[in-house]
Amino acid sequence: MEKNTNTEPILTVKSLEKKFPVYSAFGKLFGTTAHVHAVRDVSFQLYEGETYGLVGESGSGKSTTGRTILGLTPATNGQVLYQNQDLTKMSETELRYFRKDLQMVFQDPFSSLNPRKKIGSILEEPLVIHKLGNREERETKVFEVLKLVGLQAEHYFRYPHEFSGGQRQRLGIARALIMNPKVIICDEPVSALDVSIQSQILNILKELQKSLGLTLLFITHDISVVRFISDRIGIMYLGSIVEEAPTEALFAEPLHPYTKALFSAVPDFTSKRLKDRVVLKGEIPSPLSPPSGCAFHTRCPFATAICKQQTPILKEIKPAHYVACHLVEEKE
Ligand code: SF4
Numbered sequence: 004m005e006k007n008t009n010t011e012p013i014l015t016v017k018s019l020e021k022k023f024p025v026y027s028a029f030g031k032l033f034g035t036t037a038h039v040h041a042v043r044d045v046s047f048q049l050y051e052g053e054t055y056g057l058v059g060e061s062g063s064g065k066s067t068t069g070r071t072i073l074g075l076t077p078a079t080n081g082q083v084l085y086q087n088q089d090l091t092k093m094s095e096t097e098l099r100y101f102r103k104d105l106q107m108v109f110q111d112p113f114s115s116l117n118p119r120k121k122i123g124s125i126l127e128e129p130l131v132i133h134k135l136g137n138r139e140e141r142e143t144k145v146f147e148v149l150k151l152v153g154l155q156a157e158h159y160f161r162y163p164h165e166f167s168g169g170q171r172q173r174l175g176i177a178r179a180l181i182m183n184p185k186v187i188i189c190d191e192p193v194s195a196l197d198v199s200i201q202s203q204i205l206n207i208l209k210e211l212q213k214s215l216g217l218t219l220l221f222i223t224h225d226i227s228v229v230r231f232i233s234d235r236i237g238i239m240y241l242g243s244i245v246e247e248a249p250t251e252a253l254f255a256e257p258l259h260p261y262t263k264a265l266f267s268a269v270p271d272f273t274s275k276r277l278k279d280r281v282v283l284k285g286e287i288p289s290p291l292s293p294p295s296g297c298a299f300h301t302r303c304p305f306a307t308a309i310c311k312q313q314t315p316i317l318k319e320i321k322p323a324h325y326v327a328c329h330l331v332e333e334k335e
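For the record, in the sequence shown the residue sitting at position 146 is 149 according to this note's numbering, with numbers rising by one throughout.
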């Protein structure tokens with residue numbers, strides 16, 4: 004499904020940057036020894052009703068990007084614009100108002116479900132905090148979201164430990180839905196689940212997106228999953244987006260060597276469909292001491308002298324298809 008990206012975005016991420024301090028072995032009193040640059044100059048837009056997939060290896064900064072957008076960890080620099088307001092400049096109290104619209108689904112919802120409370124009261128809690136509805140209206144809303152995610156009314160009275168992994172992720176989605184959000188950030192929501200359960204959860208998300216007009220930012224390391232769920236995809240490497248394109252365009256012709264390497268590792272994405280396979284060597288470098296120039300140059304089979312010196316800029320190579328690579332620029 005192609006989305007109309009000519010309209011105004013619902014959420015804009017502009018030059019987002021996140022650094023984490025690294026403290027001396029003797030503790031915070033002795034100051035920082037370095038910074039981990041987890042997210043560097045990340046920009047993208049979310050358009051209403053679309054799913055934007057953010058994909059990369061572990062350590063690429065994709066989850067930190069999601070958490071920084073919601074202010075769960077403060078941004079070091081950059082902007083997150085929602086309804087013409089910059090979320091990164093808001094106090095916790097101001098942010099609370101906007102969090103009704105912007106919710107998150109985590110990989111492991113169980114860890115955030117209070118084991119001593121029944122599901123009804125866990126799901127109702129955000130409504131109580133935001134003083135929304137009376138007791139009866141809140142109960143009705145909880146039954147409504149349980150139904151939306153395919154759970155039964157009787158689950159209202161159960162405790163979190165009585166649910167399977169797939170049911171717990173349904174609860175995670177239900178909790179995000181309780182506030183009638185406009186945007187949901189899904190951080191590896193199916194990574195911990197069996198393949199058969201994964202497809203159930205992905206289908207639920209797709210159906211809910213359609214029926215409720217939700218906008219999703221879907222964060223994952225799984226290429227097949229991101230292809231199934233996304234309208235557009237951003238590929239992240241060591242804190243930066245190196246390629247962005249509509250899903251079908253990206254899979255028809257990946258242009259960045261890192262994207263080609265990721266796709267080459269997917270068994271059903273055969274060499275017949277991917278003309279020049281790239282085998283990814285070694286581990287992603289530490290964000291504590293990222294390589295100079297193009298951060299991918301230590302693993303890129305096409306790296307030349309310029310790659311070690313100059314950081315390539317994300318440029319539009321084809322309509323709506325952006326790539327940050329000196330090699331691709333040279334080809335054009
Ligand atoms: Fe490889 Fe150079 Fe392109 Fe980076 S800029 S991906 S090192 S060819």
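Heads up, the beta-carbon is just placed ideally off N, CA and C, and yes, glycines get one too.
Bear in mind that the values here come from a model prediction, so they are computed numbers and not experimental data.
Test item: CB-CB of Y240 and A298 under 8 Å:
yes
Please classify D190: is it buried, with 16 or more other beta-carbons within 10 angstroms of its beta-carbon, or exposed?
buried
Supposed close pair V16, V39 - CB separation, criterion 8 Å:
Incorrect: roughly 20 Å between the Cβ atoms, too far for contact.
If contacts are defined as beta-carbon pairs under 8 Å, then I235 and A248 qualify, I think. What distance do you get, rounded to the angstrom?
As written in the sequence, residue 235 is Arg, which differs from the Ile given in the question. Their Cβ separation, rounded to whole angstroms, is 7 Å, which keeps R235 and A248 in contact under 8 Å.
Does S61 come out as helix, strand or coil in the three-state DSSP assignment?
coil
Output the distance between the C-alpha atoms of L57 and P77, rounded to the nearest integer angstrom.
20 Å
For a test of your reading of the model: does the CB of L330 fall under 7 Å from any non-hydrogen atom of the ligand SF4? Yes or no.
yes
Please determine, among I222, E319, I181, L330, the residue with the shortest C-alpha to C-alpha distance to C310.
L330
Nearest candidate by alpha-carbon position, reference K22, set S199, L14, T10, T71
T71
Buried or exposed, going by whether 16 or more other CB atoms sit within 10 Å of the CB of S233?
buried
Report the rounded CA-to-CA distance for G69 versus P192, giving the unit in angstroms.
13 Å
If distances are taken between C-alpha atoms only, which option among A37, G169, M107, F146 comes closest to Y159?
F146
Among the candidates N183, K284, T307, whose CA atom is the shortest distance from the CA of S295?
T307
Does at least one heavy atom of the ligand SF4 sit under 7 Å from the Cβ of F3?
The chain is shown only over 4 to 335; residue 3 falls outside these bounds and no answer can be derived.
Cβ of Y261 versus every heavy atom of the ligand SF4: is any distance shorter than 7 Å?
yes
Tell me which same chain residues have a C-beta within less than 7 Å of the C-beta of I244, skipping the five on either side of it?
V45, F47, G237, I238, L317
Quick one: residues in its chain with C-beta nearer than 7 Å to the C-beta of S274, no 5 flanking neighbours on either side, listed in chain order?
In this predicted model, S274 has a pLDDT of only 49, less than 50, meaning its place in the structure is not dependable; the value taken from the coordinates is given anyway. Counting only Cβ-Cβ distances below 7 Å, and skipping sequence neighbours, we find R280.
Quick one: give me the first and last residue of the alpha helix (DSSP H) that Q212 is part of.
198–215
Let me know the secondary structure DSSP gives S194 once reduced to three states.
coil
Does the structure place the stretch 49–64 close enough to the stretch 209–217 that three or more beta carbon pairs sit under 8 Å?
yes
In the structure shown, what three-state DSSP assignment does R1 receive?
Given that the chain is displayed from residue 4 to residue 335, the structure contains no residue 1 and the question cannot be resolved.
Below 7 Å, is the gap between the Cβ of A264 and the nearest heavy atom of the ligand SF4?
no
Are there any heavy atoms of the ligand SF4 lying less than 7 Å away from the beta-carbon of P315, as far as the coordinates show?
yes
Q110 to Y100 span [Cα, whole Å]:
24 Å
Return yes when the C-beta of A306 is under 7 Å from any heavy atom of the ligand PLP, and no when it is not.
The ligand PLP is not part of the structure shown, which contains the ligand SF4 as its ligands.
Where G81 sits in the DSSP three-state scheme:
strand
Would you report the Cα separation of S267 and K284, rounded to the nearest angstrom?
12 Å
Whose CA, out of G216, S227, L174, lies closest to the CA of V198?
S227
Only counting the same chain, and skipping five residues up and downstream in sequence, which positions put a Cβ closer than 8 Å to that of H164?
P118
Please determine whether the Cβ atom of C303 lies at a distance below 7 Å from any heavy atom of the ligand SF4.
yes
Sufficient close CB pairs (3 or more, under 8 Å) joining the stretch 168–179 to the stretch 88–103
no
Short Cβ contact (8 Å threshold) for G385 with A41:
There is no way to answer for residue 385, as the model of the chain reaches only from 4 to 335.
Relative to the C-alpha of P270, which candidate in C303, D225, S289 has its C-alpha closest?
D225
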